[in-house]
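Student:
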Amino acid sequence: MFQRKIYDRLLQWKEESRGKTALMIEGARRVGKSTVVEAFGKKEYESYIMIDFSIASPAVRELFKDLSDLNFLFLQLQLQYRTDLVERKSLIIFDEVQLFPPARQAIKALVKDGRYDYIETGSLISIKKNVKDILIPSEERKLSMYPMDYEEFLWALGDQTTIKLLKSCFENRKPVGEQANRRLMRDFRLYMLVGGMPQAVDEYLQTNNFKRVDAVKRDILNLYEDDFRKIDPTGRISMLFDAIPAQLNKNASRYQVSSVLANERADSILELIAEMKDSKTVVAAYHADDPNAGMANHKDLERFKLFLADTGLFATLAFKDRDFTENIIYEKLLNDKLGVNLGYMYENVVAQMLTANGNELFYHTFFNEKTRRNHEIDFILSRRNKICPIEVKSSGYKTHASLDKFSEKFSGRILEKYLVYTKDMQKDGDILMLPVYMVPFL
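So the number in my numbering is just where the residue sits in the sequence shown, counting from 1, plus 562.
1) Within 10 Å of its beta-carbon, does ASN889 have 16 or more other beta-carbons around it, so buried, or fewer, so exposed?
2) Please classify VAL648: is it buried, with 16 or more other beta-carbons within 10 angstroms of its beta-carbon, or exposed?
3) GLN818 by DSSP, collapsed to three states: which one?
4) For HIS926 versus PRO807, is the C-beta distance shorter than 7 Å?
5) So if DSSP puts ASN930 in a beta bridge, which residue, or which two residues, is it bridged to?
6) What is the rounded straight-line gap between the Cα of TYR983 and the Cα of LEU661?
7) For the region 716-772, list the alpha helix (DSSP H) runs that are entirely contained and at least 4 residues long, ordered along the chain.
8) May I ask you to report which of helix, strand or coil DSSP gives GLU953?
9) According to the Cβ coordinates, are THR873 and MET754 closer than 7 Å?
10) Taking just the CA atoms, how far does ASP862 sit from ARG827?
11) Within the continuous alpha helix (DSSP H) that includes ILE942, where are the two ends?
12) Please go through the same chain and pick out, in chain order, the residues whose beta-carbon is closer than 7 Å to the beta-carbon of ASN692, but skip the five residues on each side of it.
13) Need the endpoints of the beta strand (DSSP E) that ALA988 sits in, please.
14) Is the separation between the beta-carbon of LYS576 and that of GLU608 shorter than 7 Å?
15) Identify whether TYR610 lies in helix, strand or coil by the three-state DSSP scheme.
16) Tell me whether ILE831 sits in a helix, a strand or coil according to DSSP, three-state version.
17) For GLY905, which residues in the same chain have their Cβ closer than 7 Å to its Cβ, ignoring the five residues on either side in sequence?
18) In the DSSP output, what is SER706 paired with across the bridge?
19) Tell me where the alpha helix (DSSP H) around ALA877 begins and ends.
20) Please state whether the Cβ-Cβ distance between MET612 and ILE655 is less than 7 Å.
21) Apart from the five residues on each side of it in sequence, which residues of its chain come closer than 8 Å, Cβ to Cβ, to LYS694?
22) Just the Cα atoms here: how many angstroms apart are ILE831 and GLY856?
23) Do you know offhand how far SER938's Cα is from PHE928's?
24) Can you find the residues in the same chain that come closer than 6 Å, C-beta to C-beta, to TYR541, ignoring five residues on each side of it along the sequence?
25) Does DSSP put ALA671 in a helix, a strand or coil?
26) Thinking just about the alpha-carbon of each residue, which of CYS950, ASN903, ASP749, ARG751 is nearest to the one in LEU810?
27) At the level of alpha carbons, what is the spacing between TRP717 and LEU767?
28) Work out the CA separation of LEU870 and LEU900 for me, nearest whole Å.
29) Just to confirm, are PHE876 and TYR848 a CB contact at a threshold of 7 Å?
30) Does the Cβ of PHE972 have 16 or more other Cβ atoms within 10 Å, making it buried, or fewer, making it exposed?
31) Unbroken alpha helix (DSSP H) runs of length 4 or more, entirely within the region 613-698: which are they?
32) Could you check what DSSP says for PHE968 in three-state terms: helix, strand or coil?
33) Given this structure, state the Cα-to-Cα distance separating PHE1003 from ASP794, to the nearest angstrom.
34) Which of helix, strand or coil does DSSP assign to LEU981?
35) Quick one: what does DSSP say LYS839 is sitting in, helix, strand or coil?
36) If you drop the 5 nearest sequence neighbours on each side, which residues of the same chain put their C-beta closer than 8 Å to that of GLU733?
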């Protein structure tokens, strides 16, 4: 198991909850939910039972349909899993709980009983069919789990110090130096290619072979496609998902639904987009019609951009219909020859990092009368009743017209302005230009 930050959140829940709530860990498939929870059970409890509802027997499932005698239920679980449960010192894990909603509903009675702790893991848990006919327990506390972030990736590579040093540089507004930045960008580009799915990271560490890593990611994408077909047998979600790289490559001001699904518009597929978001495989950025501290109140649900939750998967999806040997992203990105036409990789990784830090994503487009041009701010963060616009560049910068015009238009609302790019930290007037690996500190 790789070191994951969510483990500390589990410890915090155990200490604070003391059996008064169950924990639901929600995330895309293959982000490592089951692995981290089982490791937590082994290390932090005297005993644990892990009920994997993808393989649970009919006898185990039947136990959750009658909760009138919990003594009988716990006795049967101990017999079935050959594990002794110790009051207030044991954990019961409901793995892939979305596959058996009655077990999720049972949490209310089990938590009230108070004998043991409970953690649920699931993907697609909010999809209609997975909540149909059950009462969602109010005793559930939710945590979202994401692919491994850059710091966790570095931990996997045996590096425990780089992020601490980078955070110090960011806080003190000190450049790292040109030579150090080149090395750091090389390491970060490796993260963009491998991604944060634990299986892909493990394959890279074991083989040092991008072709093998790409094969692992293709398997994960196929798994997602299977899930999408279960949610939407018409195949529309799969088509929307597969088109994400092409849509970003168009550099349009929104995801153009009609170019992917004939005779469909954004307003007709809002439910499909919601289900894609619920799958945690994608991240959505919405247009903020009025960019201010209360952007959520001015979110245009019909104007959005979609990103993959893992940029490593994005690199594979962009060339999914070709053999690995034709995937030019690996060669070009690793050698820092990405080019403008593949610059959407950087936009995707910034979206991924901002989301993993708990930010809701917004962007803004506007027409400037003086320049007679449309301008776009890639991301806008809300901070201390102000906003922080972010423009993303895939290489060095020459101009930042959109950021300048946006600043003129909304000067009274802005706290900080950021240009994210591939060079070392520096200031350009009141714009802080940051190397992309410092985005997690925003």
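Where a beta carbon is used, it is the ideal one built from N, C-alpha and C, also for glycine.
Tutor: Per the coordinate set shown:
1) buried
2) exposed
3) coil
4) no
5) ARG935
6) 43 Å
7) 724-733, 740-756, 760-769
8) strand
9) yes
10) 14 Å
11) Premise fails: ILE942 lies in the beta strand (DSSP E), 941-945, not in any alpha helix (DSSP H).
12) GLN660, PRO663, LEU686
13) Just to set this straight, residue 988 is Gln in the shown sequence, not Ala. That run of the beta strand (DSSP E) goes 988-990.
14) no
15) strand
16) coil
17) SER956
18) GLU588
19) 873-879
20) yes
21) PRO663
22) 25 Å
23) Sequence inspection shows Glu at residue 938; the Ser mentioned does not correspond to that position. Between GLU938 and PHE928, the C-alpha separation is close to 6 Å.
24) Given a span of 563 to 1004 for the chain in the structure shown, any question on residue 541 remains unanswerable.
25) helix
26) ASN903
27) 12 Å
28) 19 Å
29) no
30) buried
31) 620-625, 632-643, 663-675, 690-693
32) helix
33) 38 Å
34) strand
35) helix
36) PHE1003
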